[in-house]
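Undergrad:
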Amino acid sequence: MGEASALAIKAARGVGMPWGIAEEAGFALRWLTRSGGPGIAALCRYLSAYQDAPKMSGAEGTPEAGGAWICPLRLGSAISDGGITLPLAQSGVREPLLLLPFLASQATGSHPVLLEIGAIRIIVSDDGFSANIVETALLISAADCTISFGPADSDMIKRIGNRVDSTASDCIATLTRFAHNTYAPATEASRLAGAGAGLNDND
Amino acid sequence: MDRSMDGHPLQPEAPNAVPLRPASTVMRLARMGSLHQSRLSFMRVLLRRLKTNGWVFDRPLWRINEKGVGVATYRASGPERSYTLVAFAHDLPDDLRSDRVIAEAWDATFTLHDGDLSEADIDRLGGNVPYQEAGRISEAELSLSRANRSVRLFDYVATCLAAGTQPDVAQIEPVGYLMRTTAVYGSGKFGAADRDVWADRPEFAGSFQPELLSVWLIRTFTIDMVEHMARVRSPETAVKLDLAIRRRIGVGNSTGLGMAPFLINHPALIHSWIHARESAFARVRAVKQVSQQEIGLFTELVQRALVNAENWQVEHAYQAKKIYGLRHDLTTTLHHLSTADMSSDYVWDRLYRWAEAMLDSEGQEQLISLMLEPYPQLVDDLAAHMAADEAQQFCIDGTMEIGTLRDILQNTYDWTADIDYDSRPAQARVWYVSEEKLEPRLGERFDEEITDYEQPLAPGRDAKLAMADLTAFAADDTVAVFLMAHPEHRHITRRAQLVSHYPYGEIRDNTIAAEMLPIDLLRCKLSFFGATKFDPRSDRWLRITMFQGAPFPDELALFDPDSLVYPPLSDMPEMPDIPDTSDSEAPDSEAP
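Right, dumping it as structure tokens:
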């Protein structure tokens, strides 16, 4: 999981996010994976969309812009920082599953956070989440979200995860490709000087 | 700090008389590059624990052929669990031998397996471990590493043993190893178990314990290999290594730039290491009455540290000058010890004050490590605190007021006040990662097209940029509001909040300056591992020796591992006169 989290940071940076937001991507993946959510698929979908999006004003998704593109990592960070308070109704949130780790920071034992996307209800506690639908249905490219405090429904099933599912190989390949954007091309000058070839290393 | 330990009468009338040295003193690159191993170093913590808890060791498998190719396993069995080092020995042509990360073949490759091994495990690992980064290990493995032979020593020792003779210690001592590891990967790398899997196991309390257990077992493998090759060459005459000579052989390691980003990227962990060492030193300085026995042990260790310094030979001018200074400092110290009044109260505190005035940072830091030696009861418990759960430190406090954040930045990064980050020398360097096996590198900002790939490893510069943008905010605005407007400052804001609680977590120097020497960062980290004989091979990679002098698994029960760290006094040259530092024979100070 640590390896996947490190990959997530590099991938988010690789599509152009600031380092501090990229670190939130790593945190989000770790939290979702531990909680049994399809975090790697959600992140892969979001970063792919981010990479392909025209770099128009607001494409980075400042939450208060209220435009068509709300970045779940930036909105989530603003919520966990306390810059945006709950309850909240926000349209156009991209890949809203990625919000859950940040909502968890606002949840307490007696006050879980409720995320509603139409008929989908997801309850987020400080240690995981429960939903009234199967997990793959949580992969939604963009949605209008209502976030409030609310009790869990009795029919919700809490998910528990551990390691990143190794069958997520397509997602890992995509994130690896994005991460590659952070690596400098190999050049002879770099090879010689960059790591300090210097004295013989074979004696 | 617990000031009531072990009956040492600490200073009841002034319990806070010896504060920890401030981060502004300790966390400078030149001082970090002068640190020496100590009782709290992780190799020493490991061996103490293995001995105390009665671990036993065996070699369940030795399947190495006459060409030196095959597989061997080494098992460490403790009170609750066992671990097995799997060693694959290869036949590597000389022209493929390179210590660089970009190498693709090695003399030997290793993994540490969690528990006992089956033949199926050996088959699985045999299909992956020899390929290192290109292979994949599993959650049942804790480390992945490889090693190359020392061309200087391996053949020499094999030839001696094959002829029935013992190698000359004078040949061994300056090198100190038969093989050197060129990478030791740990938790969560290439499929290995995450730290969470084993973090609660008492045998791994502290830092880097699985990796160092691997290295210590690798050391035995290197001896077994050289004795095996000697037997293959001349079964009639071959002998085993003399045990005292064997003990002077450690494991080498080549370390490149990767360790430098590690130090910057793990501030809570680095703080825990430095804080433990500084706390230990403060405890010792606070000892009021020092016994003759403690003075005697310390004096002997200064002499042995001088032997170590005499045996420490390097080509690199920067380090050569430091070693020359260290020998001078230790000799000066011995003269001081023979003339100063060592019977008065607080002698360690007075000795350090003397060292501050009389010695360079190399000598000062060496003496600090030596002053801890007589006080296991006072010092060793601190090792348990040399770890950090960094996931706990991740969340930003968005409710913090801007005025508070500004204070934190100004206090932590006050050393940036005189740095003009717009000047070329102040931002000459770029830390980046190459696509070539993801090797961490350091480039020249104004000569190479690498700025787009810059890693966030210049906290001083980033703090100054954030402070400039903070001027547009009111003191009672919140950090959350600032970060919504400036997501580009999120990284340094998180860091500043963190290091406000962990002052030793931040380096107080410009890490992208033209004159910055990465080897200073490398040495800091390696001293905490317990490495000796730092041997820079350029300004950005170096070799070290690990476990030189330490007992082997088959003799751990017989020796106190802490008593063997410094070379024995039988190697002691006659005590030299204090060299004249104005002498022009001092090596050139210019670093290449």
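Top to bottom, those sequences are chains S and F.
Residue 252 in this note's numbering sits at position 160 of the first sequence, and the numbers go up by one each step.
Residue 265 in this note's numbering sits at position 245 of the second sequence, and the numbers go up by one each step.
Glycine included, each C-beta is placed from N, C-alpha and C at the ideal position.
Note that the coordinates shown come from a computational prediction; the quantities given were computed from them, not determined experimentally.
1) In chain order, what residues of the stretch 435-463 of chain F put their CB closer than 7 Å to some CB of chain S?
2) Closest to F/Glu468 by C-alpha separation, out of F/Lys457, F/Trp451, F/Glu459 and F/Gly423, would be which residue?
3) Is F/Ala500 close to chain S, meaning its C-beta is less than 8 Å from at least one C-beta of that chain?
4) Hey, is S/Asp218's beta-carbon within less than 8 Å of any beta-carbon in chain C?
5) Hey, quick one: how far does the beta strand (DSSP E) through F/Arg253 stretch, first residue to last?
6) By DSSP's criteria, S/Cys237 is part of a beta bridge. Which residues make up the other side?
7) Measure the C-alpha to C-alpha separation of S/Ser169 and S/Ile113 and round it to an integer number of angstroms.
8) Whose Cβ in chain F lies nearer than 7 Å to the Cβ of S/Thr266?
9) Can you find a CB in chain F that lies within less than 8 Å of the CB of S/Pro164?
10) Please state whether DSSP places S/Gly220 in a helix, a strand or coil.
11) Going by beta carbon distance, what residues of the same chain come within less than 7 Å of F/Gly211, once the five residues before and after it are set aside?
12) Kindly list the residues whose CB is nearer than 7 Å to the CB of S/Ser282, restricted to its own chain and excluding five residues on each side of it in sequence; keep chain order.
13) Using the three-state DSSP reduction, which class does F/Ile470 fall into: helix, strand or coil?
14) Relative to the C-alpha of F/Pro538, which candidate in F/Met391, F/Lys87 and F/Ser54 has its C-alpha closest?
15) Excluding the five sequence neighbours on either side, which residues of its own chain have a C-beta within less than 7 Å of the C-beta of S/Ser97, listed in chain order?
16) Considering just the uninterrupted stretch of the alpha helix (DSSP H) at F/Asp134, what are its terminal residues?
17) Within this structure, are the beta carbons of F/Leu233 and F/Ala96 separated by less than 8 Å?
18) Closer than 9 Å between beta carbons: that is the criterion. Which residues of the stretch 158-189 of chain F meet it against chain S?
19) Under a CB-based cut-off of 8 Å, is F/Cys415 close to chain S?
20) Taking S/Thr274 as the query, report the chain F residues whose CB atoms sit under 7 Å from its CB, ordered along the chain.
21) What does the Cβ neighbour count give for F/Asp136, buried or exposed, with the cut at 16 atoms within 10 Å?
22) For S/Gly153, which residues of its own chain have a beta-carbon under 6 Å away from its beta-carbon, when the five flanking residues on both sides are left out?
23) Going along chain F in order, which residues have a C-beta closer than 9 Å to the C-beta of S/Ile214?
24) Compute the Euclidean distance between the alpha carbons of F/Pro588 and F/Arg324, then round it to the nearest angstrom.
25) DSSP on F/Thr359, reduced to helix/strand/coil?
26) With a floor of 3 residues, list each beta strand (DSSP E) that falls wholly inside the stretch 262-340 of chain F, ordered by position along the chain.
27) Rounded to the nearest angstrom, how far is the Cβ of F/Ile243 from that of F/Leu261, given a contact under 8 Å?
28) From the beta carbon of F/His286, is the nearest beta carbon of chain S less than 8 Å away?
29) Using the rule of at least 16 other Cβ atoms within 10 Å of the residue's Cβ for burial, across every protein chain shown, is F/Arg560 buried or exposed?
30) With 8 Å as the threshold, decide whether the Cβ of S/Asp262 is near any Cβ in chain F.
31) Going residue by residue through the stretch 517-559 of chain F, where are the continuous alpha helix (DSSP H) segments of at least 4 residues, counting only ones entirely within it?
32) Output the residue ranges of the alpha helix (DSSP H) runs that lie fully inside the stretch 103-163 of chain F and measure 4 residues or longer, sorted by chain position.
33) Which residues in chain F sit within 9 Å of S/Phe55, going by Cβ to Cβ distance?
34) Counting pairs of beta carbons, one from the stretch 438-445 of chain F and one from the stretch 416-425 of chain F, are three or more of them closer than 8 Å?
35) Consider the C-beta atom of F/Gly569 and the heavy atoms of the ligand ZN; say whether any pair is separated by less than 7 Å.
36) Please decide whether F/Pro39 counts as near chain S, where near means a Cβ-Cβ distance under 8 Å.
TA: In this structure, then:
1) Tyr452, Val453, Ser454, Glu455, Glu456, Leu458, Glu459, Arg461, Leu462 and Gly463
2) Working through the second sequence from its first residue, we reach residue 468 of chain F at position 448. When each option's Cα is compared against that of F/Glu468, the closest is F/Trp451.
3) Here residue 500 of chain F is taken as the residue at index 480 of the second sequence, counted from 1. Chain S contact via Cβ: present.
4) The displayed structure is made up of protein chains S and F, and chain C is not among them.
5) Taking the first residue of the second sequence as 1, we reach residue 253 of chain F at position 233. Segment Gln229 to Arg253 is the alpha helix (DSSP H) holding F/Arg253; no beta strand (DSSP E) there.
6) If you number the first sequence from 1, residue 237 of chain S lands on position 145. Paired residue(s): S/Gln182.
7) Sequence index remark: in the first sequence, residue 169 of chain S carries index 77 (1-based). Sequence index remark: in the first sequence, residue 113 of chain S carries index 21 (1-based). Straight-line Cα distance between these residues: approximately 8 Å.
8) For the purposes of this step, residue 266 of chain S is identified with residue 174 of the first sequence, where counting begins at 1. The premise fails here: S/Thr266 is roughly 17 Å from chain F at the closest Cβ pair, so nothing lies under 7 Å.
9) On the first sequence, position 72 is the one that residue 164 of chain S refers to. No - not a single Cβ of chain F is within 8 Å of the one on S/Pro164.
10) Taking the first residue of the first sequence as 1, we reach residue 220 of chain S at position 128. Three-state DSSP puts S/Gly220 in a strand.
11) Taking the first residue of the second sequence as 1, we reach residue 211 of chain F at position 191. Within the same chain, F/Gly211 has close Cβ partners Arg156, Ile157 and Ser158.
12) Within the first sequence, residue 282 of chain S is the residue found at index 190, counting from 1. Correct list, in chain order: Ala276.
13) For the purposes of this step, residue 470 of chain F is taken as residue 450 along the second sequence, with counting starting at 1. F/Ile470 falls in the coil class under three-state DSSP.
14) Position 518 of the second sequence, counted from the start, is the residue given in the question as residue 538 of chain F. That would be F/Ser54, whose Cα lies nearest to the Cα of F/Pro538.
15) Residue numbering aside, residue 97 of chain S sits at position 5 when the first sequence is read from its first letter. If we look at S/Ser97 and ignore the five residues flanking it on each side, its Cβ neighbours are Gly118, Leu121 and Arg122.
16) Position 114 of the second sequence, counting from 1, holds the residue named residue 134 of chain F. That residue, F/Asp134, is in no alpha helix (DSSP H); its beta strand (DSSP E) goes Ala128 to Asp134.
17) The residue given as residue 233 of chain F occupies position 213 in the second sequence. The residue given as residue 96 of chain F occupies position 76 in the second sequence. Against a cut-off of 8 Å, the Cβ pair of F/Ala96 and F/Leu233 comes out as a contact.
18) Glu159, Asn168, Ser170, Val171 and Arg172
19) On the second sequence, residue 415 of chain F is found 395 positions in, with the first residue counted as 1. Yes - at least one Cβ of chain S is within 8 Å of the one on F/Cys415.
20) Translated into positions along the first sequence, residue 274 of chain S becomes position 182. By Cβ distance, chain F contributes Val453 and Tyr473.
21) Translated into positions along the second sequence, residue 136 of chain F becomes position 116. Burial call: exposed.
22) Position 61 of the first sequence, counted from the start, is the residue given in the question as residue 153 of chain S. Its pLDDT being 47, under 50, S/Gly153 is placed unreliably by the model, and nothing is read from it.
23) Walking along the first sequence from the start, residue 214 of chain S turns up at place 122. Ordered by position in chain F, no residue passes the 9 Å Cβ test against S/Ile214, which lies about 21 Å from the chain.
24) In the second sequence, residue 588 of chain F corresponds to position 568, counting from 1. In the second sequence, residue 324 of chain F corresponds to position 304, counting from 1. When rounded, the distance between both Cα atoms is 6 Å.
25) Walking along the second sequence from the start, residue 359 of chain F turns up at place 339. In the structure shown, F/Thr359 sits in a helix (DSSP, three-state: H, G or I).
26) 270-275
27) The residue labelled residue 243 of chain F in the question sits at position 223 within the second sequence. The residue labelled residue 261 of chain F in the question sits at position 241 within the second sequence. Rounded, the Cβ-Cβ distance is 6 Å, consistent with contact.
28) As a first step, residue 286 of chain F is located in the second sequence; it is residue number 266 there, counting from the start. Judged by the 8 Å Cβ criterion, F/His286 is not in contact with chain S.
29) Within the second sequence, numbered from 1, the residue matching residue 560 of chain F stands at position 540. F/Arg560 is buried by the Cβ-count criterion.
30) Taking the first residue of the first sequence as 1, we reach residue 262 of chain S at position 170. Judged by the 8 Å Cβ criterion, S/Asp262 is not in contact with chain F.
31) 538-549
32) 139-146
33) No statement about residue 55 of chain S is possible, as the shown extent of chain S runs from 93 to 295 and does not include it.
34) no
35) As far as ligands go, the structure on display features none, and thus does not contain the ligand ZN.
36) Locating residue 39 of chain F in the second sequence gives position 19, counting from the first residue. Taking Cβ atoms only, chain S never reaches closer than 8 Å to F/Pro39, which makes this a no.
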